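Counting in our numbering, the sequence shown runs from -7 upward without gaps. Cβ coordinates follow ideal geometry from the N, Cα and C atoms, glycine included. Predicted, not measured: the structure shown is a model, and the values here were computed from it. Report on one structure; see the data block that follows.
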Amino acid sequence: MDVSELLDALNDKQREAVGAPLQNMLVLAGAGSGKTRVLVQRIAWLMQVEQVSPHSILAVTFTNKAAAEMRGRVEQMTAGNVHGMWIGTFHGLAHRLLRMHFQEAKLPQSFQVLDSDDQLRLVKRVLRSLNLDEKRWPPKQMQWYINGKKDEGLRPQHIDTFNDQTEATFVKVYQAYQDACDLAGLVDFAELLLRAHELWLNNPVLLRHYQQRFSHILVDEFQDTNAIQYAWLNLLGREQSKVMIVGDDDQSIYGWRGAKIENIQRFLDDFDDAKTIRLEQNYRSTANILNAANKLIGNNNNRLGKDLWTQDDAGEKISVYTAFNEIDEARFIAGRIEDWRSNNGDLNDVAILYRSNAQSRILEEALLQAGLPYRIYGGLRFFERQEIKDALAYMRLINNRDDDAAFERIINTPTRGIGNQTLSLVRDAARSLGVTLWQACQVMLDNDELKGRSAKVIHHFVDLINQLEDDSCNLDLDQQVNFVIQSSGLKAMYQAEKGERAEARIENLNELVTACQTYEVDPELEQEQSKLTAFLTHAALESGESQADEFESAVQLMTMHSAKGLEFKLVFIAGLEEGMFPSQQSMEEIGRLEEERRLCYVGMTRAMEKLYLCHAESRRLYGQEKYHPASRFLREIPPECVEEIRMQNQVSRPATTGRFSNTISLETFEGTGFKLGQSVYHQKFGEGVVLNYEGSGAQSRVQVNFADAGSKWLVVAYANLQAL
Ligand code: ATP
Ligand code: MG
């Protein structure tokens, strides 16, 4: 790409930033105004026009995914020459430094990074070793404290407790925790940053080397840098480099994790002659979406203030859906996505955003029911963890010998000397006979087609699985799972791994047993399947197996926090209720409420073409039915940008109807003759309210929450329910 091409697809302000002289710069602009685009083009400009070597460029992004994308785009623009450029997150870059200079950082070469779960476990162990009661000193709070101090750049010896006994204990735990980490060569996330900062502080020669090397530093999403990240950047770049930061104060959403919007102002003070450039044209969203988001964020105080406009058409109105309950909300969303797909929409262009991870379960269920592939961003959930999948694979094979995926997973876990060659023979036989792997084993053993060692190990495996079933089939589910985890050798295998990770795996395996204990089969389905089958289905629904594979088009599910910087044609935000979003805790404090509002602004401005905002009139939380009013954020959106959608066959509570001027209705829930929220009477169970439904015609069932008898699924054809 030549120089004029680099500047062609930009507006004047963007061009000014991309083609600016070598200087410190702040690009301050609202969502979708091309900040990230400008940053990428600036890198290309530096290389092509200013002849800066990629070796001298360091770029910081907010996620690893964004880093990979950025690298790809720069490669494209500069015909592939990005070798030596450092692109990554603050954490990723710090990790790289520590690996390269582990000795100077006083770390063992094989140091391990501790994720947040591992960290919590270690904190618990430290509390035990100090004889501190977990009730009085909650481990989570300790973890929070330690990370917070590290984010501020503070070691235990830097903290003055002013004779505050409570804080003194916190510091004692921090110190003991750190000693344990150092002893075992463990580095938590916050430690990565702090250590990397200290690495430079304590090694001026090394620091000078990097200061000279990185003559150009660029940082995206700068509004969410915390104190230690800022200190790191300041140390590296202030003296010799030209630093460009891009950000949006309205999208600062990590204050709760120590991010400081004030860093924007500090940058202007600390870095010489930093020039501020503002971008004001939004290229992402329709006018309806943009105006609504602008209005919403206008309710915050102390903004740096930006006007965002778009040349785009008004576009479709934002749809607000008032769901009867969380199940209805999820079904509605799945329904709209089905419509999108049947109109040839690509599922990759669709995102469902929510406030907290726990909300995904019910949405996942609805997507599964609708046969819509989806993918979840963020960490591994319980049923996706390796050891859990291993244990469940044993259970699956015991339950169904023809489960090839389970067979493949555990045939050699723990290792039992079944090599690739033997496995290939089994796979080939299965393929040519058109049978499953298990059946192929049987055939080959019966016909003596396996020789020597291969025959022996396969025989042994087949016996093991049969024996596991025989020995455990009369046990309760939790005992059965426990037995299999032990007798299969799985537990011993993980125990032998040693260390924090192994401990975590064992804890997870124990937790699996607990999960089986508390698992309850839907009583109506009890006859139709064994408890084991039911549990395995439950786990499969929960696990990544139902997630789309990498190359398949899929709906994206994520928290609003992880949606930062991304864009999608069609966006749903679920759970817009007081107490959910804004969250309960944030409602008591103005600063936190404003951060929630910024989060809502981030969520809404992900949408390019169409935005749905959903809330449920009732929602089950922690086993209780909650009735939350609609989120204040919905009221802060101008009515002219919005149309309201209601289900025709839903009994609505009068208080929340008719808030918006444009109401359209949708027909669903056919065939049962009942509406969601309808009061009904059952001869045996008494009065109740219809919560949910499934199936159609003779099969249709409704879930009723009875005042006395609790919640029950009933087949409409037999239940003889009377509408009240
Ligand atoms: P966010 O604040 O959400 O991170 P951003 O300011 O980084 O947003 P970008 O993601 O860079 O914005 O750009 C938003 C969209 O607008 C992208 O699809 C981008 O390609 C497009 N865009 C940016 N500038 C222009 C332009 N001058 N002409 C056409 N499209 C543009
Ligand atoms: Mg961006």
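Asked: For Phe560, which residues in the same chain have their Cβ closer than 8 Å to its Cβ, ignoring the five residues on either side in sequence?; Found: Asp341, Val342, Ala343, Gln548, Arg598, Ala599 and Met600
Asked: Go ahead and label Ala284 buried or exposed: buried means 16 or more other beta carbons lie within 10 angstroms of its beta carbon, across all protein chains shown.; Found: buried
Asked: Using the three-state DSSP reduction, which class does Gln361 fall into: helix, strand or coil?; Found: helix
Asked: Of the choices Glu272, Phe181 and Lys116, whose alpha-carbon is the least far from that of Ile220?; Found: Phe181
Asked: Do three or more CB pairs link the segment 669 to 686 to the segment 705 to 713 at distances below 8 Å?; Found: yes
Asked: State yes or no: is the C-beta of Asn500 within less than 8 Å of the C-beta of Ile380?; Found: yes
Asked: First and last residue of the alpha helix (DSSP H) that includes Trp332?; Found: Glu318 to Ser334
Asked: My assumption, with CB atoms under 8 Å, is that Val681 sits in contact with Val694. Please give the rounded CB distance.; Found: With a Cβ gap of about 10 Å, Val681 and Val694 do not count as contacting.
Asked: Taking 8 Å as the cut-off, does the segment 319 to 338 touch the segment 354 to 373 (at least 3 CB pairs, one atom from each stretch)?; Found: yes
Asked: How about Gly678: is its Cβ closer than 7 Å to a heavy atom in the ligand MG?; Found: no
Asked: Kindly list the residues whose CB is nearer than 6 Å to the CB of Ala398, restricted to its own chain and excluding five residues on each side of it in sequence; keep chain order.; Found: Ala385, Arg388 and Leu389
Asked: From what residue to what residue does the beta strand (DSSP E) around Phe206 run?; Found: Here Phe206 belongs to no beta strand (DSSP E), and DSSP marks it neither H nor E.
Asked: Is it the case that the Cβ atoms of Phe698 and Phe677 are separated by a distance below 8 Å?; Found: yes
Asked: Can you list, in chain order, the residues of its chain whose CB lies under 7 Å from that of Ala647, leaving out five sequence neighbours each side?; Found: At Ala647 the pLDDT is 42, less than 50, meaning the model places this residue with poor confidence and gives no usable figure here.
Asked: Using CA coordinates, which residue listed in Leu199, Ile245 and Gly76 is at the minimum distance from Glu588?; Found: Ile245
Asked: On a CA-only basis, which of Gln434, Gly22 and Met17 is nearest Arg34? Give me that one, please.; Found: Met17
Asked: If you follow the beta strand (DSSP E) that Gly702 is part of, which residue opens it and which one closes it?; Found: Gly702 to Val707
Asked: Between which two residues does the beta strand (DSSP E) holding Ile565 run?; Found: Phe560 to Ile565
Asked: In chain order, what residues of the same chain lie with their CB nearer than 8 Å to the CB of Val449, ignoring the 5 residues before and after it?; Found: Arg408, Gly409, Ile410 and Thr414
Asked: Anyone know if the C-beta pair for Arg295 and Asp242 falls short of 8 Å?; Found: yes
Asked: Strictly under 8 Å for the Cβ-Cβ distance: is Gly567 near chain C by that measure?; Found: Given the protein chain composition of this structure (a single chain), no chain C is represented.
Asked: Report all residues from its chain with a CB closer than 8 Å to the CB of Gly247; omit the five preceding and five following residues, and keep chain order.; Found: Ile253, Gly583, Arg584 and Glu587
Asked: So, using beta-carbon positions, are Lys234 and His208 closer together than 8 Å?; Found: yes
Asked: Name, in chain order, the residues that DSSP records as bridge partners for Trp301.; Found: Gln273
Asked: For the ligand MG, is there any heavy atom lying closer than 7 Å to the beta carbon of Asp242?; Found: no
Asked: Thinking C-alpha only, which one of Lys164, Trp136 and Asn155 is nearest Pro148?; Found: Lys164
Asked: Under a Cβ-count criterion, where at least 16 other Cβ atoms within 10 Å of its own Cβ denotes burial, should Ser311 be classed as buried or exposed?; Found: buried
Asked: Tell me whether Lys27, by its Cβ, gets closer than 7 Å to a heavy atom of the ligand MG.; Found: yes
Asked: Starting from the C-beta of Ser578, find all residues in its chain whose C-beta is less than 8 Å away, skip the five residues before and the five after it, and write them out in chain order.; Found: Arg584, Leu585, Glu587 and Glu588
Asked: Along the chain, where does the beta strand (DSSP E) containing Thr551 start, and where does it finish?; Found: Val547 to Thr551
Asked: Nearest-angstrom Cα distance between Leu112 and Arg590?; Found: 29 Å
Asked: Can you give me the Cβ contacts of Arg187 inside the same chain, cut-off strictly under 8 Å, excluding the 5 residues immediately before and after it?; Found: Ala86, Leu90, Ala97, Leu99 and Val179
Asked: In chain order, what residues of the same chain have a beta carbon less than 7 Å from the beta carbon of Phe263, not counting five sequence neighbours either side?; Found: Asn16, Arg230 and Val235
Asked: I need the straight-line Cα distance from His451 to Gln487, nearest angstrom please.; Found: 26 Å
Asked: Between Asp720 and Arg401, is the Cβ-Cβ spacing less than 8 Å?; Found: Limits of the chain in this structure are -7 at one end and 716 at the other, which puts residue 720 out of reach.
Asked: Should Gly64 be listed as close to the ligand ATP, given that the test is whether its C-beta is under 7 Å from any heavy atom?; Found: no
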